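Engineer: Heads up: the sequence lines are chains C, F, S and P, in that order. For what it's worth, this note's numbering labels the leading residue of the first sequence as 14, then goes sequentially. For what it's worth, this note's numbering labels the leading residue of the second sequence as 14, then goes sequentially. For what it's worth, this note's numbering labels the leading residue of the third sequence as 14, then goes sequentially. For what it's worth, this note's numbering labels the leading residue of the fourth sequence as 14, then goes sequentially. For reference, the structure I am asking about is given below.
There are 4 protein chains.
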Amino acid sequence: MQRASVFGSAGYLGGELLRIILGHPGLELAHAVSASHAGRPLADVHRNLLGTTDATFSDAAPAAVFSGSDVVFLAWEPGRAQRVLVETFGAEPSSYPEAGPRIVDLSGDFRIADHAVYERAYGRAQEAPAWQSAFCYGLTDLERDRVRAARFIANPGCFATAALLAAGPLARAGLVASPIVVSGVTGSSGSGASAKPGTHHPTRAAAFRAYKPLVHQHEPEVARELRALGAPEATDLVFLTHSAPLVRGIHVTVTTRIEAARTREELVALYRETFAASPFVRLRDEPPDVSPLAGTNFCDLAVFARAEGTGTRVVVAAAIDNLVKGGSGQAVQNANVMLGLDERAGLGFVGLHP
Amino acid sequence: MQRASVFGSAGYLGGELLRIILGHPGLELAHAVSASHAGRPLADVHRNLLGTTDATFSDAAPAAVFSGSDVVFLAWEPGRAQRVLVETFGAEPSSYPEAGPRIVDLSGDFRIADHAVYERAYGRAQEAPAWQSAFCYGLTDLERDRVRAARFIANPGCFATAALLAAGPLARAGLVASPIVVSGVTGSSGSGASAKPGTHHPTRAAAFRAYKPLVHQHEPEVARELRALGAPEATDLVFLTHSAPLVRGIHVTVTTRIEAARTREELVALYRETFAASPFVRLRDEPPDVSPLAGTNFCDLAVFARAEGTGTRVVVAAAIDNLVKGGSGQAVQNANVMLGLDERAGLGFVGLHP
Amino acid sequence: MQRASVFGSAGYLGGELLRIILGHPGLELAHAVSASHAGRPLADVHRNLLGTTDATFSDAAPAAVFSGSDVVFLAWEPGRAQRVLVETFGAEPSSYPEAGPRIVDLSGDFRIADHAVYERAYGRAQEAPAWQSAFCYGLTDLERDRVRAARFIANPGCFATAALLAAGPLARAGLVASPIVVSGVTGSSGSGASAKPGTHHPTRAAAFRAYKPLVHQHEPEVARELRALGAPEATDLVFLTHSAPLVRGIHVTVTTRIEAARTREELVALYRETFAASPFVRLRDEPPDVSPLAGTNFCDLAVFARAEGTGTRVVVAAAIDNLVKGGSGQAVQNANVMLGLDERAGLGFVGLHP
Amino acid sequence: MQRASVFGSAGYLGGELLRIILGHPGLELAHAVSASHAGRPLADVHRNLLGTTDATFSDAAPAAVFSGSDVVFLAWEPGRAQRVLVETFGAEPSSYPEAGPRIVDLSGDFRIADHAVYERAYGRAQEAPAWQSAFCYGLTDLERDRVRAARFIANPGCFATAALLAAGPLARAGLVASPIVVSGVTGSSGSGASAKPGTHHPTRAAAFRAYKPLVHQHEPEVARELRALGAPEATDLVFLTHSAPLVRGIHVTVTTRIEAARTREELVALYRETFAASPFVRLRDEPPDVSPLAGTNFCDLAVFARAEGTGTRVVVAAAIDNLVKGGSGQAVQNANVMLGLDERAGLGFVGLHP
């Protein structure tokens, strides 16, 4: 058993990390760190864990947690992970101990290495630029080999995961033409565990609205990665985000025009091939629904096409659970790959229907 | 046109008062008081009012508001109305100006005249006991004559309104036997306009749970009024409250055993007679649903019965919109009756289906 | 008072027509036709109307309904209106009586005059081609003058209404460049009043999915009308539709690239000017939400822009109630314009918040 | 591995049986019978099973299914199980083969042995009275020993499970006084997998209403079992059922007056002792919520009390997942007990939060 620890373990992503680790055949929970809940049972906060564990929250210091773990998950609010790494290990990742645990950061602190792009996306300067360059972007299903070789993983954002799994195969195949339009929808759990006006039930329960139009912080992350996968430098990305009266779920519909004539069957074959080694990506004939994915690490995809002039209009619909495949599940999947475990270990949760 | 003012007008009850007053043929809006939003359009807060009014929030002082109004609605958080009345008019209601406006308080400050009962219900001492004795309990449909003669109305609580319209006719007819069990359910708008853990969408959207079992502050209000209507002093009242993933709506199911043998038809006739003059109480054959009542001032009732030994088991189901019939609508209905207007004025909102 | 009749009055669009007509100062209800409910009170089916009317459903024959009405609303399922008009008045609209009532069809039967396009959209041949050429597309806010002169109105589809009010001003101003991407979301009431698998609560309550990707029947309607408003013939339209766990509401986000450099302010000014005479179109600074629009005839719009190369990326978000502005409300708005009434008559419903 | 088969496997209870059996360490799926889906993958119907099994639906005849199974679950619509048992094995259970599999019926056909009571509850005569006398009522947590000795189990209804686990300990301790009032709420999945008016999303999404007041078919089942547990013959049971806009979940609040003076702590101790051997019953301090129970076999209980005259008013709140603890989970729990497996086997599903 390898030892796993979680910082920020009282939040929603932290709770899902705990649920997955507690049921993982190759990981054991070392520290569930939450200073504000130290000493209390995990189930006081994560009510679903009642009766499944007697473990309690810890307030161990970072140095102790790192030295007692084989993998550490950072599920803090944005900004904190970069500060803690610098405080604990210095400004340079080269000073990180050889035998130190693998790190998976879920906060977004290390997703963008470019200083200017980071600042534009997050509205503040990088505080650990050397670290930010050292992290590997952990989109497991498209970057498995890089993940396997990594020690530090920047876990992709929830919208970015869905958008990139939907559009990535086209980019890699050199088929993308500008613009790529991504229209995405998120449930309320993406806003975190603290009550706030945007998640006040009376006004959220029957609401649907766009938010952060043209300025969402995940857009540069998606744009950067699409180029890394092969999209031309000049590709315009239009990222439209909406909030829906769902609790869990991200749904994105991606559309672009490819210059070549391609049938739907040819495109489906491309996707099948791209994800042949990915147990969590499921190609569907019908548009996928977020509902039966709650709690699972699946990304369901469906690809549609029709002729548009001499080229092809492509539509790809993708659905995930934002907290699992778009967060803690993919984080454990990355840890599994880095630690040499079965990629599926701990991630066998079967969703519910209805 | 008579002049109506609202204190606490940025809350949900305040917003519904404004909506009703702005569409009322006999009232005109004098002051919509909200110090924290003073100068801003009402529609900035109450988004449904956009395009229907250019009025703005006011920060006028109580004395100015009272002297410029024919009726004043107090929709503050609990505790404030009693302090403001004492500060503005002194400890004795006898010092209230002869020509002062009618007052309708929606906060609960004046629903219970008895000091000890008040303290047990609200967890603090009365701060304006002489005022508390001077207010008339405004359950219009069962107390129309008392309301007509009143100057100061304590508007009933939302749960209490539904429970009393359901059980009141039995109490008045001398049919109640102990215990009366009231099982009630409320939507999230009853928690007010501020985000709080209990109304956080991720945990509320699929939740159903009891709350404040055996200690809900509306229980003594219902018990007191049932006795006022004729229930025996020794009647035990069991008040069970639950929160449901609704936005608007209170539903109560009341059950008691009456000693006499009564058919369902006889009981329905009793209810019809009791509410013959009440345009907003609708007797239904089928159990009522809260859904089509949103925004309306209706209370829908259905009465069921079966023999139980030598007596009769009675079940009454009642549904209302908690913010309207259980709040601002009944407040305006009370104002209409006090001011000599048509009781239905301003309350003709037809709900939606679906 | 002018006489209004409704065919298909037991459905959701029919119910909203009845609600609006019953509260309309210039219309009186002549016939609420529903053969299957003939003789029963309207409120048996449309529960919100209880206590507001004693009217009953009628099974009057079309000839009698038309001869006793000044305006007739056709809210049948698709296919029936064209058959009934031919049966009643013959294949040629020229045989329609001079003094016959204005007609507003809500079913889609008359939205597309072109035979081939119709057949592709609806999967069957036109059955009343001469009539289909005689109907005027009733997008009131962009076609007020044509509506005023019309006798027969094809009421726009719900998605089409939102998409065209969002994109129409750009098309008319000659600013549209290909492609226009419309990403839309609908609530469940758009599926009608009959229970069906897609609206089964257990599977719909937490569902979000795309549907009819690249083949939605509203796409050709939108494409045709955008060209009529000025979009170049070669504009590609990509129409992405999704179902959300809402009851009421259509939300569309439209994006296109315009060749010219335009600031957000310039575009907002264009929209303000375009809709200067439209009381129901509200320009907002923030992305609009469907929730407070339930029951209202408003279309809320917000326009966003950023530079994209030498041109401008434009995003327009639009929200409506699918049954009102996207159906029965716009139908009455069209009737008002045709009959010379105040365009706003009967449509003053103020929505609810929350 | 013991072989388990499911009849009625395309319904919601059938789907949950399949999910549990497929993850059960001691059971293997023999037949998932559904004539109408024979040959199709289970995941075509139960979308959550996609990627977890390649099994298909079978149309094997009852005789073949029974002879190839160690336990058979009957999840048919009411009425069918009794007919099939008589057709397959004759009118007398004594002709059932010695080596035949254990049977768990989930349909209600065998919950009530008394002819007259059955007929009143279900509105039709028993068709297999000898079988109906041979089945053991499978309320595992209160009847573990009887279940262990049984071959044929009548699985309790969903409402009955929650009501009996809430009230049973009082009945067994001789504390119940008349009346017992049970106020229950159910989600929409209890209506089954077929779309019907009561589960039409537009009218169900914001609905709350009582249904079957005073005539619910689970009432005699609860009354009979309460007496079996020790409640006096003359105890009046009042069973109030409501539908809420939940998908999964049963919540009941039970109240009764006990003659003796008991503190809350004494009552909690009674419940703890009663359920000491029950891993799935969890005593809580706070009122339980249905939300984190989805998919789990837990029943969460909370007990409250206050003095009422010389006796004690008791309130017990109980929450379960209607399809699992109120259906398929309890069915497998019963099978585990009968087959000598760990009672918890296959039932370790950890719910989700949020």
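From the three backbone atoms N, C-alpha and C, an ideal C-beta is built for every residue, glycine too. The structure displayed is predicted, hence computed values, not measured ones.
Which partner residues of F:Tyr150 appear in the DSSP bridge assignment?
Structural biologist: F:Ala167, per the DSSP bridge assignment.
Engineer: Out of P:Arg164, P:Asp67, P:Ala223, P:Leu98, point me to the one whose CA is closest to P:Val198's CA.
Structural biologist: Of the listed residues, the one whose Cα sits closest to P:Val198 is P:Ala223.
Engineer: Kindly indicate which three-state DSSP category P:Gly28 falls into: helix, strand or coil?
Structural biologist: P:Gly28 falls in the helix class under three-state DSSP.
Engineer: What separation, rounded to the nearest whole angstrom, lies between the Cα atoms of S:Gly340 and F:Asn310?
Structural biologist: One C-alpha to the other measures close to 27 Å.
Engineer: Taking a contact to mean a Cβ-Cβ separation below 7 Å, would you say C:Val78 touches C:His44 in this structure?
Structural biologist: A contact, by the Cβ cut-off of 7 Å.
Engineer: Using DSSP bridges, identify the partner residues of S:Arg222.
Structural biologist: According to DSSP, S:Arg222 bridges with C:Asp302, S:Ser256.
Engineer: State yes or no: is the C-beta of S:Asn61 within less than 7 Å of the C-beta of S:Gly203?
Structural biologist: Their beta carbons are not under 7 Å apart, which means S:Asn61 does not touch S:Gly203 by this criterion.
Engineer: Name, please, each residue of chain C whose Cβ falls closer than 9 Å to the Cβ of F:Ala219.
Structural biologist: Under the 9 Å cutoff, chain C gives Val260.
Engineer: Buried or exposed, going by whether 16 or more other CB atoms sit within 10 Å of the CB of P:Ala138?
Structural biologist: Classification for P:Ala138: exposed.
Engineer: Can you look up P:Gly359 in the DSSP assignment and give me helix, strand or coil?
Structural biologist: Residue state, collapsed to three classes: coil.
Engineer: Could you name the residues that DSSP lists as bridge partners for F:Val265?
Structural biologist: BP columns for F:Val265 point to F:Gly197, F:Ala331.
Engineer: Note down, in chain order, every chain F residue with its Cβ under 7 Å from the Cβ of P:Pro301.
Structural biologist: Going along chain F in sequence order, the residues near P:Pro301 (Cβ under 7 Å) are Arg222.
Engineer: Quick check on this structure: which residue in P:Val363, P:His366, P:Ala358 has the alpha carbon closest to the alpha carbon of P:His37?
Structural biologist: The residue with the shortest Cα to Cα distance from P:His37 is P:Ala358.
Engineer: Name the chain S residues that come within less than 7 Å of P:Ala10, Cβ to Cβ?
Structural biologist: Past the boundaries of the shown model lies residue 10 of chain P; chain P is included only from 14 to 367, so the question cannot be answered.
Engineer: Residues of the segment 186-211 of chain C with a CB closer than 7 Å to any CB of chain F: list them in chain order, please.
Structural biologist: The residues in question are Ser201, Ser202, Ala208, Lys209, Pro210.
Engineer: How do the segment 116-134 of chain S and the segment 49-60 of chain S stand: do at least 3 beta-carbon pairs fall below 8 Å, yes or no?
Structural biologist: No: the two stretches stay apart, fewer than three of their Cβ pairs being nearer than 8 Å.
Engineer: By DSSP's criteria, C:Ala17 is part of a beta bridge. Which residues make up the other side?
Structural biologist: Looking at the DSSP assignment, C:Ala17 forms a beta bridge with C:Leu42, C:Val84.
Engineer: Does the beta-carbon of P:Ala208 have 16 or more other beta-carbons within 10 angstroms, so that it is buried, or is it exposed?
Structural biologist: The residue is buried, with at least 16 neighbouring Cβ atoms inside 10 Å.
Engineer: Any beta carbon of chain S sitting closer than 7 Å to that of F:Gly308?
Structural biologist: It does; some Cβ of chain S falls within 7 Å.
Engineer: P:Pro367 versus chain F: which residues are under 7 Å apart at the beta carbon?
Structural biologist: Those within 7 Å of P:Pro367 in chain F are Pro215, Thr216.
Engineer: Cβ of S:Leu178 less than 7 Å from any chain C Cβ?
Structural biologist: Not closer than 7 Å to any Cβ of chain C, the Cβ of S:Leu178 fails to qualify, so no.
Engineer: Based on the DSSP secondary-structure assignment, which residues constitute the bridge partners of F:Leu55?
Structural biologist: In DSSP, F:Leu55 forms no bridge with anything.
Engineer: Can you look up F:Gly324 in the DSSP assignment and give me helix, strand or coil?
Structural biologist: Strand, per DSSP.
Engineer: Just the C-alpha distance for S:Ser201 and S:Val260, rounded to the nearest angstrom, thanks.
Structural biologist: C-alpha separation (whole angstroms): 5 Å.
Engineer: Does F:Arg159 get closer than 7 Å to chain P when you measure Cβ to Cβ?
Structural biologist: Not one chain P Cβ lies under 7 Å of F:Arg159.
Engineer: Nearest to C:Ala163 by alpha carbon, out of C:Met351, C:Gly361, C:Phe362?
Structural biologist: When each option's Cα is compared against that of C:Ala163, the closest is C:Met351.
Engineer: Which of the three DSSP states is assigned to F:Val189 in this structure?
Structural biologist: Coil, per DSSP.
Engineer: Compute the Euclidean distance between the alpha carbons of P:Tyr109 and P:Val337, then round it to the nearest angstrom.
Structural biologist: Answer to the nearest angstrom: the Cα atoms are 29 Å apart.
Engineer: Quick test of the definition: if touching needs 3 or more C-beta pairs under 8 Å, does the segment 241-255 of chain S touch the segment 239-253 of chain P?
Structural biologist: No: fewer than three Cβ pairs fall under 8 Å.
Engineer: Judging by CA-CA distance, which residue of P:Thr276, P:Ala273, P:Gln230 is the nearest neighbour of P:Gly136?
Structural biologist: Nearest C-alpha to P:Gly136: P:Gln230.
Engineer: Please state if the CB of P:Phe221 and the CB of F:Ala218 are separated by a distance shorter than 7 Å.
Structural biologist: Result no, Cβ atoms of F:Ala218 and P:Phe221 do not sit closer than 7 Å.
Engineer: To the nearest angstrom, report how far apart C:Asp298 and C:Ala175 are at their CA atoms.
Structural biologist: Answer to the nearest angstrom: the Cα atoms are 17 Å apart.
Engineer: For the ligand ATP, I want to know if C:Ala218 counts as a neighbour, meaning its beta carbon is within less than 6 Å of at least one of the ligand's heavy atoms.
Structural biologist: With respect to the ligand ATP, the structure offers nothing, as it holds no ligand at all.
Engineer: With DSSP collapsed to three states, give me the class of S:Thr248.
Structural biologist: Residue state, collapsed to three classes: coil.
Engineer: Could you give the residue range of the alpha helix (DSSP H) that holds C:Asp158?
Structural biologist: Note, C:Asp158: alpha helix (DSSP H), 157-161.
Engineer: Tell me whether F:Ser107 sits in a helix, a strand or coil according to DSSP, three-state version.
Structural biologist: Three-state DSSP puts F:Ser107 in a helix.
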